[in-house]
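Notes follow once the structure below has been shown.
Residue numbers (the working numbering), protein chains in the order written: chain A, 778 to 893; chain B, 341 to 452.
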């Protein structure tokens, strides 16, 4: 258990529905990341927060995706009007550290989304 | 886009043998990290090597980095069935801010 928790662990939804995932990072970590992973592939970067500021967004993050970290603690990732191609594991990770300093990421167990 | 390419994609060995996985990347990096992922679970950090380091050890793990060839290798010695997992290299690129870019992974199976 890394201390990063994600909820829900599994979500099955119908195409066109909205879904929201929550991530609670390790409490002293100010940096939070969202990644997406499909079967047999490595994680793909979606977005990154430092405290409450969203500093980086991947081009993978279409207009249907939105992420927030309102108080610099937990984060939510919402997908609107889900499509079958959104089916994947959504991974959250956190770390401490100053800009430019290397640091390991602590991952949660992921939220698996299945869009029917 | 994926930065790293792992080789081989899949590796099957017997318990007690050594396992070597390779990773190649394309752009200059600050550091390279290796992660492990058991099926259906999150990733767990194994080891980090900085761009000015050439070799690093941690228990049964040995990582090398050759920045001139833009490649790294992960060696697991005296493998155990519990080492069965996917292994990913991840690079922190000089121009990519704070993100880590992952490769596609090597699936290691250690047979008892």
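Don't be surprised by glycine CBs; every beta carbon is placed ideally from N, CA and C. This one's a predicted model, so the numbers in the text were calculated from it and none came from an experiment.
Taking 7 Å as the upper bound on Cβ-Cβ separation, chain A lies near residues 428, 432, 437, 438, 439, 440, 441, 442, 443, 444, 445 of the stretch 415-446 of chain B. Secondary structure note for residue 353 of chain B: its beta strand (DSSP E) is the uninterrupted segment 350-354. A contact between stretches requires three or more CB pairs, one per stretch, nearer than 8 Å, and the stretch 377-388 of chain B fails this requirement with the stretch 830-838 of chain A. Taking the CA atoms as reference points, residue 403 of chain B sits about 17 Å from residue 351 of chain B.
Across the structure, residue 414 of chain B and residue 345 of chain B are spaced so that their CA atoms are roughly 13 Å apart. Within the stretch 366-385 of chain B, 370, 371, 373, 375, 377, 380, 381, 382, 383, 384, 385 place their CB atoms closer than 9 Å to a CB of chain A, listed in sequence order. Residue-level contact check: residue 819 of chain A touches chain B, since one or more beta carbons of chain B fall below 8 Å from its beta carbon. For residue 861 of chain A, the secondary structure class from DSSP, reduced to helix, strand or coil, is helix. At a cut-off of 8 Å between C-beta atoms, residue 448 of chain B does not count as an interface residue with respect to chain A. Three or more beta-carbon pairs drawn from the stretch 795-803 of chain A and the stretch 845-855 of chain A are found closer than 8 Å, and the two stretches are therefore classed as touching. Within the same chain, Cβ atoms closer than 7 Å to the Cβ of residue 792 of chain A are found at 859, 860, 861, 892, 893, the five residues on either side in sequence being excluded.
Here residue 386 of chain B is not near residue 820 of chain A, since their CB atoms are 8 Å or more apart.
For residue 851 of chain A, there is no enclosing beta strand (DSSP E), as DSSP marks it with neither H nor E. Interface with chain A (8 Å Cβ-Cβ cutoff): residue 388 of chain B is included.
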